[in-house]
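Down below is the structure, laid out as structure tokens.
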Amino acid sequence: MKLKFTILMLSILNLSWSQVAKDSTSNKVVVDTIIDGQKMVKANIKPEQVDSLIIRSFEDMELAAKIDEKWLTELYSGSLYDTIYKSVTELKYTPVDYSELPTDTLKARLKRLNARTPFNVEYNPSLESVIKNYLKNRRSSMERLMGLSHYYFPMFERELDNYNIPLEIKYLAIVESALKPRARSRVGATGLWQFMFATGKQFGLDVSSYVDERRDPIKSTEAAAKYLASLYRIFGDWDLALAAYNSGPGNVNKAIRRSGGYKNYWNIRANLPRETAGYVPAFLATMYIFEFAEEHGFKPERPKYQYVETDTVRVKQMITLDQVAEVTDLKIEELQYLNPSYKLDIIPVVEGENYTLRLPRYAIGRFVNNEKEIYAFAKAELDKREKPLPQLIENDSKIRYSVRSGDYLGKIARKYGVRVSNIKRWNGLRSNNLKIGQRLTIYPRNPVASASASNKTTKTVVNTEGKKTYTVSKGDSLWSIAQKFSGVSVQNIKDWNDISSNKLKIGMKLIVSK
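Structure representation (structure tokens):
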């Protein structure tokens, strides 16, 4: 972790000029830097340098300046989940030619794996076929899943350990959902652990218009642990518990009867539903590949955030994720990734409930230190939205947008200077899923017109291209500038001025209209 400082915004960090004092011994200005309310460093600066200092927004971790477009697209792509689902339902057991893994080597590794897990991972030709098929044909998707696992597995392991569940169960979430919290099956099973509505309710998962706790990584894992523990008490075998998790205890009992009383999964597999017949082999093959990833040369890319690099703050007032994005300078896709249980990207405040916002650790202090201002901003925004329709809809400025390959709501919202929640409301969308060719109604913002009312107090001019520009003054930040112009977000300013960091210099001219 690397800290970078010059001088921090006074308004955001509660730093007053009383904390900027002159050092009589060195004829320099001593600037106290405040981090999360604590004095961290002192910087000696010559008095004549103060007005020309670079203004920086709050930073306490060096992260990539720009998020990989492919990663953002992946958050909304169902391809990985669809691939997993298809591979399980259409699993074949014909021999696969894969010379990199000799049968004797596989047998030895499975024996080692079998010794340290309660699952039955003894060698058989069918399992060998599945493992080699995955290694040969699904290497890329496995590597992507390994990357995502760095974020999710620590959560899973903690909850599984709390309920004395084998930690290898974490691999089940890969088979169930490809580690996509928003995954939804054709029959309505939802979340990382694919709970149906009734089963989720049975194990304490709240589902409402605003929140779906089946998509919450921690709460859904706790529910899955409870459910699996109950299934293990019934069958006394973890392989059968997994089969029952997929198809229900009744179908497993029927398979036992039809097989003549056998209780080993491999002996009753032919009598199980087709999907369940491929379920445990897919789980065991996934376990083998993850446990022996290094031996097979996998080099997964880690996700942007590790679980330990995030923390939660309890929400005290209704707030939307796009509002949080504006005040924390995070992309909305990142917030949706960290907070997948909020269906409409709105965090409600409900009596008796304790809803939280998960943020990168470096943004927690900034949020907590400025809660009063942030909630005031959120309330003002939400009060505007209480009107039946936004005023923008009263004119004829709407457009019809056709979704293209690689599009997702955040990308489209930034293009037209609107919010994700606006697009969802205008089009009656209940989720973030989009289809290529889908038509969306959008009411683009008109920053030029909306900013005109504040020209008396805002230093703006119109450049030769007809775009409104703003000159950065002392104390300005991207967030404070965005607030001066209705409908303009921090990300808009970054995009329009081709800047990726939060650094501003006094006197810099910024385009503040599209």
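Numbering (our numbering), first residue to last: -3 to 510.
Yeah, the Cβ is synthetic: ideal placement off N, Cα and C, and Gly gets one too.
Given the structure is predicted, the values throughout are model-derived calculations rather than measurements.
Which of the three DSSP states is assigned to residue i in this structure?
i	result
Phe294	coil
Val414	coil
Thr195	helix
Pro213	helix
Ile507	strand
Pro245	helix
Ile315	strand
Lys222	helix
Arg229	helix
Ile343	strand
Lys501	strand
Ile495	coil
Thr512	Since the first and last residues shown for the chain are -3 and 510, residue 512 lies out of range.
Tyr333	helix
Leu324	A quick correction: the sequence has Thr, not Leu, at residue 324. Of the three classes helix, strand and coil, the one that applies to Thr324 here is helix, per DSSP.
Tyr338	strand
Arg182	coil
Asp531	Because residue 531 is not part of the residues shown, which for the chain are -3 to 510, the question remains open.
Pro162	coil
Trp189	coil
Asn263	helix
Ile432	coil
Ala174	coil
Ser401	coil
Arg426	coil
Val364	helix
Phe481	coil
Phe288	coil
Lys250	helix
Leu238	helix
Tyr258	coil
Lys88	coil
Just to confirm my understanding: we take residue i, look at its own chain, exclude 5 residues before and 5 after, and list those with CB closer than 7 Å. What are they?
i	result
Glu124	Thr99 and Leu102
Tyr228	Trp234 and Ala237
Asn493	Leu506 and Ile507
Leu175	Leu141, Leu144, Ser145, Tyr148, Ala169 and Leu188
Thr437	Lys394, Arg396, Trp422 and Asn423
Glu322	Trp475, Ala478, Ser485 and Val486
Thr308	Thr352, Leu353 and Arg354
Tyr275	Val84, Val171, Leu238, Ala239 and Asn242
Glu70	Because the pLDDT at Glu70 is just 45, under 50, the model does not fix this residue reliably, and the point stays unresolved.
Arg211	Pro177, Arg178, Thr186, Gly187, Pro336 and Ser337
Glu305	Pro356 and Arg357
Report all residues from its chain with a CB closer than 6 Å to the CB of residue i; omit the five preceding and five following residues, and keep chain order.
i	result
Pro150	Tyr303
Ser243	Pro269 and Thr272
Glu349	none
His292	none
Asn116	Asp235
Gly154	It should be pointed out that residue 154 corresponds to Arg in this sequence rather than to Gly. None.
Contact defined as beta carbons within less than 8 Å: I believe residue i pairs with residue j. What is the distance between those atoms, to the nearest angstrom?
i	j	result
Arg396	Arg421	Not a contact, Cβ separation roughly 16 Å.
Arg265	His146	Actually they do not touch by this definition, with Cβ atoms about 32 Å apart.
Gly184	Pro177	Not quite, the Cβ-Cβ distance comes to about 15 Å (not below 8 Å), so this is no contact.
Ile342	Leu353	Contact flag wrong, Cβ pair sits at about 11 Å.
Pro514	Pro162	Only positions -3 to 510 of the chain appear in this structure, which leaves residue 514 out of reach.
Gly200	Ala219	6 Å
Val416	Gly402	Actually they are not in contact, since the Cβ atoms of Val416 and Gly402 sit about 16 Å apart, beyond 8 Å.
Asn247	Ser255	Actually they do not touch by this definition, with Cβ atoms about 13 Å apart.
Lys339	Arg426	7 Å
Lys312	Val345	7 Å
Ser216	Phe191	7 Å
Leu131	Tyr119	With a Cβ gap of about 16 Å, Leu131 and Tyr119 do not count as contacting.
Ile127	Ile285	7 Å
Going by the C-beta, is residue i closer than 8 Å to any heavy atom of the ligand PLP?
i	result
Lys295	What this structure holds is no ligand at all, so the ligand PLP is not there to describe.
Give every residue of the same chain whose Cβ lies closer than 8 Å to the Cβ of residue i, excluding the five residues on either side of it in the sequence, and list them in chain order.
i	result
Pro511	Because the chain is modelled from -3 through 510, residue 511 falls outside the range shown and cannot be assessed.
Arg400	Ile432
Gly503	Thr467 and Val468
Lys250	Asn267
Tyr167	Phe279, Thr282, Met283 and Phe286
Which residues share a DSSP beta bridge with residue i?
i	result
Val309	Leu353
Asp472	Asp472 pairs with nothing; no bridge assigned.
Arg396	Thr437
Val203	Asp208
Tyr303	Partner(s): none; Tyr303 has no beta bridge.
To test your reading of the DSSP string, which unbroken alpha helix (DSSP H) runs of 4 or more residues are found completely within the stretch 96 to 147? 99 to 111 and 121 to 133
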